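Note that my numbering numbers the sequence shown so that position 739 is 730, with each residue one more than the last. A virtual CB, placed ideally from N, CA and C, is assigned to each residue, including glycine. This structure is a prediction, so every number in the text was calculated from the model and none was measured. As structure tokens, the structure follows; a few thoughts come after it.
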Amino acid sequence: MNLDNTMKTYFASIEKEVTKTYELAEKARAQGKDPEPEVNIPIARDLSARVEGLLSTMIPELKDSGLADEIRKLEKQYGKNDERVALLAGREIALEKIVKFPEKIKAIEAGLRVAIAYLTLGIVTAPLEGLSDVKLKKNDDGTEYLSIYFAGPIRSAGGTASAISVLAADFIRIHCNIAPYIPKGIELQRYSTEVEDYYSRVTAKQYHPTKEEIEFIIANVPVEINGDPTEKLEVSNFKDLERVETNQIRGGMCLVLLDGLPLKAEKMLKRIMKYPDDYELNHWHWLKEFIAMKKKIHAAPSSKGKKDIKYIPSAKYIDKIIAGRPVFSFPAEPGGFRIRYGRSRTGGLASTSVHPLTMHLIPFLAVGTQIATELPGKATVCTPCDTMEGPVVLMKNGDVIEIETKEQIKKIKPEIKTIISLGDTLIPYGEFVSNGHMLLPSSYVEEWWALEVKEAIEKNSNNNNTNNKTTIKNIPKYTSKPYPPPTLDEAFNISETLNIPLHPYYNFFWHDITKDDLKDLVEWFSKAKIDQKDNNTTPPEDKETTENTENQKNTDNSDTEEMVGTEEGKGPNTKGKTDKTTDIITNSTPTKNQPLNNTINNSITLTTQDASNQKKILETLCAPHTVKNETILITGKSLAIKRCLGNPTEKNKASLIKKIDKSKSIMDALKNLSGITIKEKGTVRVGMKMGRPEKAERRLMKGRPQVLFPCGEAGGRMRNLMESYKAGTIESSVSAYRCTECGKETYFSYCYTCGAKAAPIKACRRCNVITEATEHCGLPTVGYRRMKLNIKTLMDTAKKNIKLKEHEMPELFKGVRGVFGANKNVEPLDKGLLRAKYNLYVNKDGTTRLDSTDVPITHFKPREISVPVETLRKFGYEKDVDGNELTSEEQVLTLYPQDIIVSDNKEFSTADHLINICKFTDQLLVKFYHLKPFYNIKTKDQLIGQLVIGLAPHTSAGIIGRIIGFTPARIGLAHPFWHAGKRRNCDGDEDSIMLLMDALLNFSRQFMPDTRGGRTMDAPLVLTTCLDPEEVDDESWNVDVDETYPLEFYRETQNYPYTWDLKSKPRIIEELIGKPEVFHTKFTHDTYDINEGPHRSRYTQLDTMLEKLFAQLDLERKLRAVDEDKVAEAVLSKHFLRDIKGNLRKFSKQGFRCVNCNEKYRRVPLIGKCTRCGGKLLLTISEGSARKYIEPSKRIMDEFKITSYLRQQFFLVEKEADSMFGKKARQLNLAKYK
């Protein structure tokens, strides 16, 4: 890495602390009290070493073969993390240029595993267990083709890597001179049927491809995508095919054809397009045709039925609507989220931002809530940004109000009739790069206008135009952040003088109305009454009117007038008079900008008589106005409407209407009326719905064990070791050891009697006898045996060892039903008792985990993370983002790449839980290992600077993180590089952290389940100590880095280009890779507080599904951008009806369980009770769970317009339920019998 002095010091401090922690942990592990006498988490050097080391465990030929050196050579040529390195390294192995193999097919298999390992950064199990086999099979013409067998753990590779693994297989096929796969027609049908069966009968995935899509992919992919049978279910049709070995559903193959190729087609095409012709992959350009087909199939027309041949809105994200999780906007619907390009401090890596006032208005949206989106990717997380447009609402009394503060929302919320605009969604340019999605026309926003002003000024100065000097002199204050708007007169003068469009502040959604609507407005405004408070301004171009709009001032109706602004980096403005230098007044609640020099207060009064259509037009425009006594009062920014209409009067309205008739479009008509260009405010609205709620919670295994030790039958249903303690002894299969000193048999790697080290012994898995042979009774011997465990003695000894008093013993001390490692190793009870003391729970590998929703952050303020400036300076934060000395808690700082901000929410605090883990670890060091404590932490402030390991599910490599602060939101904030180092993005993913010392002391591979995937997934098998941006997931390379976008970018977006076709591109991190600047980037949109917004989604606050459902439907009724009847119908058809049918089916096939020991039975035993403990047997599924959605479904049908077909379908299902359980009697009121 190319580092500056600041980053060298930072990484050196992390290395020093890691070394210090490892040294103490090695001393503890050397005592032999754990399954291994050394720390079980080795530190990895670099990506190439990780790839070779990971694959050597399966392919011994690769160990010290020179593969790592070959990868490093390719990285020098193409750069790190380039998929071409994966393709070429895989090819070299397949052609046996690095190492020889006994068979050609083994070399090809090894080559493909190398490619997948590099694509997945050598940190997941996909190359080991996600690829089960590679075979050569025959086409009908006698040629050989390549068949790739995928297994379930291929999901750990992620959709992109699994898709590119198919490309890698084809690349290797070409260079090994193997013919392409030629599928038969019946095989195409088998693929589409099997994928549909997997989606509908096994698990629904994010993307649901159609039959046409699947068959098109298979017909064009030159290798056979195959797989091992993973499900008990057989495919519903096309069985017993000659070239398909199984009739069962092949899960790995289905995952590649659900999460991989169809979902990631755009990303694949983007990457393939950059390959030169000598890669011989031009035949993959069929992806262009596939993407066009995909968009056409999943397209949804706008509400007005308009069709744009360049872009068709997609309704794929609302294919499945879940009860309780609302749809916020339909595709391309007016009133939905307006697209705005830019990156906030918490944007990028799939994360986008909305206005915090929108979040307060729609409390289902909290900081970190996942949102399923129409574009550019499949999902995002919600983060706040207040330097963009917020929501607009229509009140029950007819007022249209732009929301300015959250206090205002509380006051007016009961009177809101419709949310007519949700405001902006801020989407970084890099998200379109990552997803290969076409760019859509940018809304006309302040930052675009400012760039056009600067360009026009430069042209004027070059032309030496002296006439415009006075106007130009006052303009610069409007072209720098936070872009305060000029007054109305100034805005029109600037547009006329510089020949640029009208300022966005005075623009409305004109493109949502028709020319006839425009004529109605001209007629209406020609009769308007104008109230002038000041006569110091020159009348505008129409001399017959006396409108005065030079300067504006808020009236008493503040809720309907100008919005105040937030200055970037300095906090929000409040209403009030300001001088020409923009006096910024800070306030705790961010609001929007208002015009400078605001000294004149004008208004326009319109009659509502026979003007219902005109009133609706104003609502469509989202123009603030107030309804009073059968009149409409126009003030503030809405005064611009009359000016845009050409200042209509009774005398000139006829000529104005003629201009409209002659115009080609609504926007052309406005230009003809006003004499200036008025841009479309924002034609692109993005569809969104709620996904998973935000989360910051402890990781809990099933049963919530506190120690990996069996409780036996005596533990009962709760698996309580205290119940086992009362029983005295239990019987279970556990690891077998013999003391090297006293010769006693034990279950631990040390003797519980004399404390000496113990050696493992072998036993027969059939007859349980101890033997030294490797085979017994015809079976390989194992490192465990079934034994009687004296729990009472073990518990008493553990209690004595850690000096736990009798009253400190827990009433509920939870173990596991049975241990699950290959040798069934168990944890000492001492560790479990200490965990119970601090209310901690253990994970399957011996660690204690804390989960949270991943959210990126590149910059922060000390105030936001609740850390004093002096503390931050101590940990290396000496200067702010602009290079100034850090002195204030309001300065913006660049986050270091491995620093993280953990949740400190009042309902569950990750910080408090980490303190308990620190105390547990210190007690473990002192009382179990007899060493000095390491942390000595009592308060949250002392957590700052402590190291954790970050780990994503399905991966096998952790990464060091350093705690630097706290957030009240239920999320985990970290740099995009840190999330990418775990191979995660921020589209709603959840990851875990574990305290470094806890992991080093307690993690053991011997505890991991001995199953496919379980042996290696979700475990820190290796650890990255210092993050290298070149070796993290390259999605993080697409994060924006500059403060502004180029002017030409905004203009080019109007033509629907793809990112690779742009001539003027915003810079992204990829351009800084290998440079010190990669750690010092900027952002385009600031916000007053990254924590502003609800911290808990309403979805998680409501207890029952009924409450969630009707809260959802109540919201849908208020959203202009949503058809509530369609949502209600989708909930009924896609959720409730399916659940009712499934529950009825399960009820009829259910088993029984014992209330005491939880033993399950398919049928009731003849004795009528549990055969293990004699306990009472109960049904596993109740009638209530089978019928729970019937009444809510009836209510939906009563309140919403549901199709007759769906109603009939429901009544048939209800009839089936009644026939199964009997019809429920209705309780009637006594009045019925009068």
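**Asked** How about residue 745 and residue 736: are their beta carbons less than 8 Å apart?
**Response** no
**Message:** Taking the alpha carbon of residue 849 as the reference point, which residue from 499, 518, 708, 334 has its own alpha carbon closest?
**Reply:** 334
**Message:** For residue 664 and residue 637, which I take to be in contact (beta-carbon distance under 8 Å), what is that distance rounded to the nearest angstrom?
**Reply:** 4 Å
**Request:** Could you please give the first and the last residue of the uninterrupted alpha helix (DSSP H) stretch that includes residue 347?
**Result:** 347 to 352
**Prompt:** Are the beta-carbon atoms belonging to residue 953 and residue 805 less than 8 Å from one another?
**Reply:** no
**Item:** CA nearest to the CA of residue 209, picked from 407, 878, 177, 924
**Value:** 177
**Message:** For a test of the three-state rule: what should DSSP assign to residue 925, helix, strand or coil?
**Reply:** coil
**Asked** So residue 594 is in the beta strand (DSSP E); what residue range does that whole segment cover?
**Response** 594 to 598
**Prompt:** residue 674 lies in the beta strand (DSSP E); which residues open and close that run?
**Reply:** First-last for residue 674: undefined, no H or E at that position.
**Item:** Whole runs of the alpha helix (DSSP H) within the region 1126 to 1150, excluding any shorter than 4 residues
**Value:** 1128 to 1140
**Prompt:** With 16 other CB atoms within 10 Å as the buried threshold, where does residue 778 fall?
**Reply:** buried
**Request:** Leaving out five residues on either side along the sequence, give the residues of the same chain with a beta carbon under 6 Å from the beta carbon of residue 1212.
**Result:** 1174
**Item:** Spatial neighbours of residue 47 in its chain, beta-carbon cut-off 6 Å, leaving aside the 5 residues before and after
**Value:** 53, 54
**Asked** Between which two residues does the beta strand (DSSP E) harbouring residue 393 extend?
**Response** 391 to 393
**Asked** Would a C-beta distance cut-off of 8 Å place residue 214 and residue 157 closer than the cut-off?
**Response** yes
**Request:** Would you list the one or two residues that DSSP bridges to residue 415?
**Result:** 329
**Selected residue, minimal CA-CA separation from residue 95, among 234, 3, 963, 135** = 135
**Option in 893, 1018, 903 with minimal Cα separation from residue 965** = 893
**Prompt:** Closest by CA to residue 945, which one among 900, 366, 1008?
**Reply:** 1008
**Request:** Would you kindly check if the distance between the Cβ of residue 1059 and the Cβ of residue 444 is under 8 Å?
**Result:** no
**Item:** Segments assigned beta strand (DSSP E), at least 3 residues, entirely inside the region 962 to 1048
**Value:** 963 to 965, 981 to 986, 1013 to 1015
**Item:** Contacts around residue 271, its chain only, beta-carbon distance under 6 Å, and the 5 residues preceding and following it disregarded
**Value:** 165
**Message:** Taking only three categories from DSSP, how would you classify residue 895?
**Reply:** strand
**Asked** residue 145 to residue 122, Cα distance in whole Å?
**Response** 7 Å
**Message:** Quick check on the DSSP output: what are the complete alpha helix (DSSP H) runs of length 4 or more inside the region 28 to 103, in order along the chain?
**Reply:** 38 to 47, 58 to 69, 74 to 85
**Span separating the alpha-carbon of residue 887 from that of residue 347** = 26 Å
**Asked** In the structure shown, what three-state DSSP assignment does residue 1175 receive?
**Response** helix
**Message:** The beta strand (DSSP E) that contains residue 375, what's its start and end?
**Reply:** 370 to 375
**Asked** Which partner residues does residue 763 have in the DSSP bridge list?
**Response** Its beta-bridge partners do not exist; DSSP assigns none.
**Item:** Buried or exposed (CB count within 10 angstroms, at least 16 for buried), residue 49
**Value:** exposed
**Whole-Å CB distance - residue 785 paired with residue 728, under 8 Å assumed** = Not quite, the Cβ-Cβ distance comes to about 14 Å (not below 8 Å), so this is no contact.
**Asked** In this structure, does DSSP put residue 873 in helix, strand or coil?
**Response** coil
**Asked** Considering only residues of the same chain and omitting the five flanking positions on each side of residue 614, which have a CB-CB separation below 7 Å?
**Response** 391, 499, 629, 632
**Asked** With C-beta atoms as the reference, is residue 260 less than 8 Å away from residue 282?
**Response** yes
**Prompt:** With a Cβ-Cβ cutoff of 8 Å, do residue 519 and residue 417 count as a contact?
**Reply:** no
**Asked** What is the C-beta distance between residue 1102 and residue 1135, in whole angstroms, given that I count them as a contact (C-beta under 8 Å)?
**Response** Between residue 1135 and residue 1102 the Cβ distance is about 27 Å, and since that is not below 8 Å, they are no contact.
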